[in-house]
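For the sequence shown, position 288 (counting from the first letter as 1) is numbered 288 according to full-length UniProt numbering, and the numbering increases by one without interruption.
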Amino acid sequence: MNTAEPLVLGIESSCDETGVGIVRGTELLTNTVSSSMEQHVRFGGVIPEIASRAHLEAFVPTVQQALAEAGVTLGELDAIAVTSGPGLAGALMVGVAAAKALAVATGTPLYAVNHLVAHVGVGLLDGDGALPEHLGALLVSGGHTEILAVGDITGDVRLLGATIDDAAGEAYDKVARLLGLAYPGGPAIDRAARDGDPEAFRFPRGLTAGKYMGSAQHPGSHRYDLSFSGLKTAVARVVEAFEAAGQPVPVADVAASFQESVVDVISRKTVLACTEHGITTLLMGGGVAANSRLRELVTQRCAQHGIRVVVPPLSLCTDNGAMVAALGARLVSRGVAPTGIGFTADPGLPVTTVSVPVPA
1 MNTAEPLVLG IESSCDETGV GIVRGTELLT NTVSSSMEQH VRFGGVIPEI ASRAHLEAFV
61 PTVQQALAEA GVTLGELDAI AVTSGPGLAG ALMVGVAAAK ALAVATGTPL YAVNHLVAHV
121 GVGLLDGDGA LPEHLGALLV SGGHTEILAV GDITGDVRLL GATIDDAAGE AYDKVARLLG
181 LAYPGGPAID RAARDGDPEA FRFPRGLTAG KYMGSAQHPG SHRYDLSFSG LKTAVARVVE
241 AFEAAGQPVP VADVAASFQE SVVDVISRKT VLACTEHGIT TLLMGGGVAA NSRLRELVTQ
301 RCAQHGIRVV VPPLSLCTDN GAMVAALGAR LVSRGVAPTG IGFTADPGLP VTTVSVPVPA
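Given below as structure tokens:
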């Protein structure tokens, strides 16, 4: 196996995207994605059974397309990496089963990796391969909102803060539905907010009161954690009040004010965690990292504290196989043992488990 510049194929199927990416070391060769998003639009959210069936139908043609685009064959691969969790159980099982079949058929080492940590790995592609010192990560997606400290992407990831209820992306979807906007809610609210006043409504900033924050010397129990359920309820009450009065809902103003509350809390909590844990480089990942206002405010507030922010290209912010391949390549280069095929999908895989160890 070539551990210097390993050729790795990554498979991602944790939600509604069938992603297959191929990297050589830190060089991205292809990022091929087949999304079932359109099949979920009329339901206003991802339906697990539909997603699983779509993965089954898309897997073989997506792998074939990725290999053709990269100009490589299965026999040339040094390793295969697959998302084993977290995610939707049925969707994960499709990707895991397919990866095992490929590994057995080709005799290629197989790595089971963490979907969330992979979002960090993709931000390190096309670099010199060196992991920045004092690295942190902000992951914001439909199912997850976490602030991480990354000592070593192949095995030392610490969770500093996370949402205790709705993830940011989930809150966007629910508020978009309240406002009659399209699914997915993130892009729809981002667009609507451009024409609105972010100060039109003062929506709550969850978990920022003194009892939650404490102080640096005596931190509160939720110092770096986030909450968006109360915000969602506050938006619903505003919408209901306008409807009860027979008045049109000021969609743009509500969208802008809601978005400002979300990005204000996320950016404040992130900067606080970074400054108190010595983080000087912050990687952003996840679908909501594509949100223009979130990127703007996080970058602005981090710059005030000398923190460099790295955001992957928008095509690599959402779920994709390239991020899985990127993390797999780092595991191979570090000499981490392959997982093999004796593992199962784990919908609740904690972010501190970078890769699934070899089963005993």
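Ideal placement from N, C-alpha and C gives every residue a C-beta, glycine not left out.
Residue closest to residue i, alpha-carbon to alpha-carbon, out of the options
i, options, result
"A97", "V356, F343 and V358", "F343"
"E27", "I307, Q39 and D128", "D128"
"N291", "I279, A188, E76 and E276", "A188"
"A103", "R308, L9 and T208", "L9"
"V140", "S227, V249, G220 and P61", "S227"
"P61", "S84, V33, G75 and Q39", "V33"
"T208", "R223, T108 and H119", "R223"
"L116", "G214, L283, V254 and V94", "L283"
"S221", "T163, E12, I341 and A200", "T163"
"V159", "A256, I147 and R295", "The sequence given here has Leu at residue 159, not Val. For L159, the nearest C-alpha among the options comes from I147."
"D126", "R268, G230, V23 and A345", "V23"
Exposure of residue i, with buried meaning 16 or more beta-carbon neighbours within 10 Å
i, result
"residue 364", "As shown, the chain starts at 1 and ends at 360. That puts residue 364 outside it, with no answer to give."
"H305", "exposed"
"P86", "buried"
"G121", "buried"
"E12", "buried"
"T73", "exposed"
Cα-Cα separation, residue i to residue j
i, j, result
"Y172", "R191", "12 Å"
"Q259", "S52", "31 Å"
"H55", "A241", "42 Å"
"L7", "V358", "21 Å"
"V239", "L131", "46 Å"
"K232", "A252", "16 Å"
"V175", "D319", "22 Å"
"I153", "A329", "11 Å"
"G71", "N31", "13 Å"
"S261", "G321", "32 Å"
"P313", "G246", "43 Å"
"A182", "T270", "29 Å"
"L297", "A236", "25 Å"
"L179", "R202", "17 Å"
"P46", "S14", "First, the amino acid is wrong: residue 46 is Val here, not Pro. Going from the Cα of V46 to the Cα of S14 covers about 11 Å."
"L29", "A325", "10 Å"
"H134", "L327", "18 Å"
"G21", "M323", "7 Å"
"L110", "L77", "11 Å"
"Q39", "I50", "8 Å"
"A273", "A167", "18 Å"
"residue 382", "G196", "The structure shown does not extend to residue 382, since the chain is modelled only from 1 through 360, so no value can be given for it."
"A4", "L331", "11 Å"
"S35", "S215", "44 Å"
"A256", "G107", "52 Å"
"A112", "M93", "12 Å"
"G95", "V82", "7 Å"
Sheet register partners of residue i (DSSP bridge)
i, result
"I11", "V20 and V82"
"A137", "L148 and L283"
"E27", "R24"
"H32", "Correcting the residue identity first, residue 32 is Thr in this sequence and not His. Paired residues: V20."
"R308", "T281"
"S355", "V113"
Residue-chain proximity (residue i, chain B), Cβ-Cβ < 7 Å
i, result
"T32", "The chain inventory of the structure shown lacks chain B, comprising one protein chain alone."
(message) Going residue by residue through the region 55 to 114, where are the continuous beta strand (DSSP E) segments of at least 3 residues, counting only ones entirely within it?
(response) The region 55 to 114 contains these whole beta strand (DSSP E) runs: 79 to 85 and 110 to 114.
(message) Restricting to runs no shorter than 4 residues, where is the alpha helix (DSSP H) found entirely within the region 196 to 251?
(response) Here the runs fully enclosed are 210 to 213 and 229 to 244.
(request) Could you pull out every unbroken beta strand (DSSP E) segment of at least 3 residues lying fully inside the region 155 to 180, listed in chain order? (result) As far as the region 155 to 180 is concerned, its whole beta strand (DSSP E) runs of at least 3 residues are 156 to 162.
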